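Colleague:
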Amino acid sequence: MSASGPLVVVGDALLDVDLVGTASRLTPDAPVPVVEDVEARERPGGAALAAVIAARATRREVVLVTPMADDEGADRLRALLAGRVRLVEVPATGGTAVKRRVRVGDHSVARIDSGAPVAGLGTLPDEVAVVVRAAAAVLVADYGRGTTADPAVRAVLAEAGGPIVWDPHPRGADPVPNARLVTPNGAEAARVAALAGMAGMAAGVAAEGDGLAAVGARAEALIRHWGVGAVAVTLGARGALLSYGEGAPMVVPATPVTGGDPCGAGDSFAAAAALALADGAVTGEAVAAAVASAGAFVARGGASAWDVEAAPGPDVAAEPGVEGVIARVRAAGGTVVATGGCFDLLHPGHVATLRAARGLGDCLVVCINSDESVRRLKGPSRPLVTAADRARVLEALEFVDAVVVFDEDTPAEVIGRLRPDVWAKGGDYAGADLPEAAVLRRWGGQAVVLPYLDGHSTTALVERSRV
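Start counting the sequence shown at 174; every next residue gets the next number (my numbering).
1. Can you find the residues in the same chain that come closer than 8 angstroms, C-beta to C-beta, to I541, ignoring five residues on each side of it along the sequence?
2. Measuring only from the beta carbon, is T266 closer than 7 angstroms to any heavy atom that is part of the ligand NAP?
3. Based on DSSP bridge pairs, tell me the residues matched to W399.
4. Quick check: the segment 310-317 against the segment 207-220, are at least 3 beta-carbon pairs closer than 8 angstroms?
5. Closer than 6 angstroms by C-beta to A302: which residues in its own chain qualify, once you throw out the five before and the five after it? Chain order, please.
6. Using a 10 Å radius around the Cβ and a threshold of 16 neighbouring Cβ atoms, would you call P357 buried or exposed?
7. Between which two residues does the alpha helix (DSSP H) holding A186 run?
8. Mapping DSSP to helix, strand and coil, what is S416?
9. Assuming contact is defined by CB atoms lying nearer than 8 angstroms, are A462 and A449 in contact in what I supplied?
10. Quick test of your reading: A444 and A230, contact by CB under 8 angstroms. State the CB separation rounded to the nearest angstrom.
11. Given that a residue counts as buried once 16 or more other Cβ atoms are within 10 Å of its Cβ, and exposed if not, what is E419?
12. Please name the residue or residues paired with H342 in a DSSP beta bridge.
13. M374 to E393, Cα distance in whole Å?
14. Could you check where the beta strand (DSSP E) with G513 kicks off and where it finishes?
15. Under a Cβ-count criterion, where at least 16 other Cβ atoms within 10 Å of its own Cβ denotes burial, should E209 be classed as buried or exposed?
16. With a CB to CB cut of under 7 angstroms and the five nearest residues on each side skipped, what residues in its chain are close to D383?
17. How is P324 classed by DSSP in three states: helix, strand or coil?
18. From the DSSP output, read off the bridge partner residues of K598.
19. Go through its chain and collect everything with a Cβ distance to D244's Cβ below 6 angstroms, but skip five positions before and after it.
20. May I have the straight-line CA-CA distance separating R528 from P521, to the nearest angstrom?
21. Of all the alpha helix (DSSP H) runs that stay within the bounds of the segment 511-583, which reach a length of 4 or more residues?
22. How far does the beta strand (DSSP E) with T456 in it reach, from first residue to last?
23. May I ask you to list the residues that DSSP assigns as paired with V349?
24. I'd like the list of long-range same chain contacts for V460, defined as Cβ closer than 8 angstroms, with 5 residues on each side in sequence excluded.
25. Where does R273 sit, in a helix, a strand or coil, going by DSSP?
26. Starting from A224 and walking both ways along the beta strand (DSSP E), at which residues does that stretch end?
27. Could you give the DSSP three-state label for A444: helix, strand or coil?
28. Measuring straight from C-alpha to C-alpha, what distance separates V510 and A472?
29. With DSSP collapsed to three states, give me the class of D480.
30. Specify, as a first and last residue, the run of the alpha helix (DSSP H) that R590 falls within.
31. Based on Cα-Cα distance, which residue from W596, V622, P624, L623 lies nearest to R135?
32. Since P240 sits in a beta bridge, which residues does DSSP pair it with?
33. Which of the three DSSP states, helix, strand or coil, is assigned to R214?
34. Find the nearest neighbour of L312 within the set L297, L222, R249, G474, judged by alpha-carbon distance.
35. Helix, strand or coil for D248? Go by DSSP, reduced to three states.
36. For V502 and P264, I'd like the C-alpha separation in whole angstroms.
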């Protein structure tokens, strides 16, 4: 393994085509929509999509090892990959697999698959073994077309220089035993467990259902069945469950995402996990990073937005989804409310103010001072709680939709970026001209004062703790 080596993706490359149109009527002979004004949008699919996602998230070289046919679909796929990843082609029989989704707006109405499975691979180029041995990590993106079952491919993977992340497929081969992490989704884990006859997976645990006990039992059973290091079962909006085969599993919740195209989320998850392991993360850290990456991928538009550059980050640190929350509320004609403060040692006064602020509109964004900003305002002994932890506590409140951390002494700059409809201030400011009011007036926003719960303040709490 080379710490500076490439991320190598091994698996089945597909050509994905979205046929996007409009529909306003049904056909007279069946209850199906008539899709008109169709636009074809091509993108890499399968292992090729995983490689492209990884390449956009890292400065490492990303190498894609995949069978490539000699047909028009393969030529179009090569063009899509050019300049993005290094392609190491394996001679193969069978045509290029093409998946065509017929979509109306954001909804798929049909999928048409074509292309024969790989019937057999030719002799592996020497370059395959070279790049796999030099890899910082290897991602196997199995799409059930025969690549991962080939003995020559499996022999090369057995000599991988870095950790292997294996993203399985229901029709694919079993992972190689030296895989560090296998990432089935919930349905795949249940299907493999059933086929392997693992009904009695754990004493007292029902094999049916999608509860955490059943998922955890399947993960343990799959580790024993495959002989791999760990299994992370991806659970969509619920996040992922990571098991090492014994002890309590780790569950990584996902940040809720509104809308978005989930196609490709599994590829994003596996790619992020492999990159994290390549950078030296332990398996649990890699899975946590993968959950966050998959959620952000879906929120950005998923596979449909594979070639859209991400918007440049703001000047302030923001939790993923802040802009998405605001955009969603505005698109629905709702009211965006924001408030701010240090929120050091959250107390009932804070909670009352935040709850009241959320009642003024359709979402609440809380802007909190960074640690350096708090020190400048409150003195060198503050904050008592870091900005990251303050943000986590606030996000856990059901009436807080998003948190932003700003580094300035006042929230004027972040207010100008977020442009809320209402800025709510808690405390005894009634009748006073709030400094933030002038910023709000630029776009017709309103600054308001909310009553503060008497007898509660962080300073008073600190003083009492010293007595």
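Using N, Cα and C, we set each Cβ at its ideal position, and we do this for glycine too. In this text the structure is predicted, and so the values were computed from the model without any measurement.
Modeller: The relevant details are as follows:
1. Position 368 of the sequence shown, counted from the start, is the residue given in the question as residue 541. Closer than 8 angstroms at Cβ, skipping near neighbours: G513, G514, C515, F516, A560, R563, A564, L567, V576, V577, V578, F579.
2. Only the bare structure without any ligand can be found here, which leaves the ligand NAP out of the picture.
3. Here the question's residue 399 lines up with position 226 in the sequence shown. Its beta-bridge partners do not exist; DSSP assigns none.
4. yes
5. What you label residue 302 is simply residue 129 of the sequence shown in a count that begins at 1. V329.
6. Taking the sequence shown and counting its residues from 1, one reaches residue 357 at position 184. The residue in question, P357, is buried, as its Cβ has 16 or more Cβ neighbours within 10 Å.
7. Counting from 1 along the sequence shown, the entry for residue 186 is found at position 13. Element bounds for A186: not the alpha helix (DSSP H) but the beta strand (DSSP E), 186-199.
8. Within the sequence shown, numbered from 1, the residue matching residue 416 stands at position 243. Reduced to three states, the DSSP call for S416 is strand.
9. Within the sequence shown, the letter at position 289 stands for residue 462. Within the sequence shown, the letter at position 276 stands for residue 449. Yes, the Cβ-Cβ distance between A462 and A449 is below 8 angstroms.
10. By 1-based counting over the sequence shown, the position of residue 444 is 271. By 1-based counting over the sequence shown, the position of residue 230 is 57. Indeed, because the Cβ distance is near 7 angstroms, the residues count as touching under 8 angstroms.
11. For the purposes of this step, residue 419 is taken as residue 246 along the sequence shown, with counting starting at 1. Burial call: exposed.
12. Reading the sequence shown from its first residue, position 169 is the one you call residue 342. Its beta-bridge partners do not exist; DSSP assigns none.
13. For this step, residue 374 is matched to residue 201 along the sequence shown. For this step, residue 393 is matched to residue 220 along the sequence shown. Interpretation of M374 is limited by its pLDDT of 47, a score under 50 that renders its predicted location unreliable; the figure taken from the coordinates is listed afterwards. When rounded, the distance between both Cα atoms is 8 angstroms.
14. For the purposes of this step, residue 513 is taken as the residue at position 340 of the sequence shown. Note, G513: beta strand (DSSP E), 509-514.
15. The count along the sequence shown starts at 1 and reaches residue 209 at position 36. With fewer than 16 other Cβ atoms within 10 Å, it is exposed.
16. As a first step, residue 383 must be located in the sequence shown, where it is residue number 210. G359.
17. Working through the sequence shown from its first residue, we reach residue 324 at position 151. Looking at P324 - three-state DSSP - the assignment turns out to be helix.
18. In the sequence shown, the residue the question calls residue 598 occupies position 425. K598 is bridged to V622.
19. Reading the sequence shown from its first residue, position 71 is the one you call residue 244. Closer than 6 angstroms at Cβ, skipping near neighbours: G268, T269.
20. On the sequence shown, residue 528 is found 355 positions in, with the first residue counted as 1. On the sequence shown, residue 521 is found 348 positions in, with the first residue counted as 1. R528 and P521: Cα-Cα distance of roughly 10 angstroms.
21. 521-531, 544-551, 560-568
22. The residue you call residue 456 lines up with position 283 of the sequence shown. Where T456 is concerned, there is no enclosing beta strand (DSSP E), although the alpha helix (DSSP H) it sits in stretches over 456-472.
23. Here residue 349 refers to the residue found at position 176 when the sequence shown is read from its first residue. BP columns for V349 are empty, so no partner.
24. Position 287 of the sequence shown, counted from the first residue, corresponds to residue 460. For V460, where only same-chain residues beyond five positions count, the Cβ hits under 8 angstroms are L354, A405, A413, L415, M423, V425, A446.
25. For the purposes of this step, residue 273 is taken as the residue at position 100 of the sequence shown. DSSP places R273 in strand when its eight states are reduced to three.
26. Indexing the sequence shown from 1 puts residue 224 at position 51. No beta strand (DSSP E) contains A224, which is instead part of the alpha helix (DSSP H) from 220-230.
27. By one-based count along the sequence shown, residue 444 stands at place 271. Looking at A444 - three-state DSSP - the assignment turns out to be helix.
28. Translated into the one-based positions of the sequence shown, residue 510 becomes position 337. Translated into the one-based positions of the sequence shown, residue 472 becomes position 299. The straight-line gap from Cα to Cα measures roughly 21 angstroms.
29. As a first step, residue 480 must be located in the sequence shown, where it is residue number 307. It is coil, neither helix nor strand.
30. Translated into the one-based positions of the sequence shown, residue 590 becomes position 417. Its alpha helix (DSSP H) spans residues 585-591.
31. Outside the displayed span of the chain (174 to 640) sits residue 135, for which this structure offers no information.
32. To locate residue 240, count along the sequence shown from 1; it is residue 67. Note: P240 sits in a beta bridge opposite V263.
33. In the sequence shown, counting from the first residue as 1, residue 214 sits at position 41. Of the three classes helix, strand and coil, the one that applies to R214 here is strand, per DSSP.
34. Working through the sequence shown from its first residue, we reach residue 312 at position 139. The option with the nearest alpha carbon to L312 is L222.
35. One-based indexing of the sequence shown puts residue 248 at position 75. Reduced to three states, the DSSP call for D248 is helix.
36. Here residue 502 refers to the residue found at position 329 when the sequence shown is read from its first residue. Here residue 264 refers to the residue found at position 91 when the sequence shown is read from its first residue. Using only the alpha carbons, I get a separation of about 51 angstroms.
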